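Residue numbers (our numbering), protein chains in the order written: chain B, 1 to 121; chain S, 1001 to 1121.
Each residue gets a CB set at the ideal place from its N, CA and C atoms; glycine is no exception.
Remember, predicted model here, so these are calculated numbers, not experimental data.
See structure below.
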């Protein structure tokens, strides 16, 4: 077998587009994805799954209909299944997402910010 | 809902024992666990699941029967289901593990280093 560490910074240097998650690893039927964000995403939910956000660089906010949370580098949050949320970042922020394979970034909302769900780097 | 970031360093300050994973979050039927390691663990495998290692602080090695991998802070690796491995760290290293709920640290090996699989902090 070929044993190779996955380095977050090396992977982040491989792309610059925002709001377009890139898969860096698989675990069973789950995927670990890096995504760069800046600005406001669309309100959406994932009716069938929880979603893990781990901030690698920068800071972000996850807005909910009844509150919000600030996440800085070294912090994480799990957005529960079915809960509407909107990721927002004033400056560019890099995040590690963990969710089932095939999970679409815009969830039930769709629209222009929908990105392909299965791009590996 | 109560929105509270999970801060890795804050959680790491809550315990000092080694080789005893502490759950900090759940995602569907998976668990995210922090563990501090130093020294050599036991050879084992997890016959039913892949296992994610993300190094938070320090550095470690994962030995395999046919090789090894070094992981530093900001790096990760997914040990495939059924593959024998042994985590080793010369100095204390803090790791985030992601695996299904109920996964036991020593997998199929058992023995003295087996820790409870369901301790939350």
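Buried or exposed: residue i, going by 16 or more other Cβ atoms within 10 Å of its Cβ?
i	result
residue 119 of chain B	exposed
residue 16 of chain B	exposed
residue 1001 of chain S	exposed
residue 1087 of chain S	buried
residue 28 of chain B	buried
residue 21 of chain B	buried
residue 1121 of chain S	exposed
residue 68 of chain B	exposed
residue 102 of chain B	exposed
From the DSSP output, read off the bridge partner residues of residue i.
i	result
residue 1120 of chain S	S:1023
residue 108 of chain B	In DSSP, residue 108 of chain B forms no bridge with anything.
residue 68 of chain B	B:63
residue 39 of chain B	B:89
Let me check understanding here. Comparing Cα to Cα, which of the options lies closest to residue i?
i	options	result
residue 32 of chain B	B:69, B:108, B:100	B:100
residue 85 of chain B	B:58, B:51, B:59, B:117	B:51
residue 53 of chain B	B:121, B:5, B:12, B:72	B:72
residue 1055 of chain S	S:1098, S:1115, S:1005	S:1098
residue 1093 of chain S	S:1014, S:1061, S:1117, S:1115	S:1061
Output the distance between the C-alpha atoms of residue i and residue j, rounded to the nearest integer angstrom.
i	j	result
residue 1035 of chain S	residue 1063 of chain S	18 Å
residue 1105 of chain S	residue 1045 of chain S	9 Å
residue 1090 of chain S	residue 1039 of chain S	6 Å
residue 78 of chain B	residue 1037 of chain S	25 Å
For residue i, which residues in the same chain have their Cβ closer than 6 Å to its Cβ, ignoring the five residues on either side in sequence?
i	result
residue 1065 of chain S	1084
Apart from the five residues on each side of it in sequence, which residues of its chain come closer than 8 Å, Cβ to Cβ, to residue i?
i	result
residue 126 of chain B	The structure shown does not extend to residue 126 of chain B, since chain B is modelled only from 1 to 121, so the question has no answer here.
residue 1111 of chain S	1042
residue 1113 of chain S	1019, 1041, 1042, 1105, 1106
Return yes when at least one heavy atom of the ligand PLP lies under 7 Å from the C-beta of residue i, else no.
i	result
residue 73 of chain B	No copy of the ligand PLP appears in this structure; indeed no ligand is present at all.
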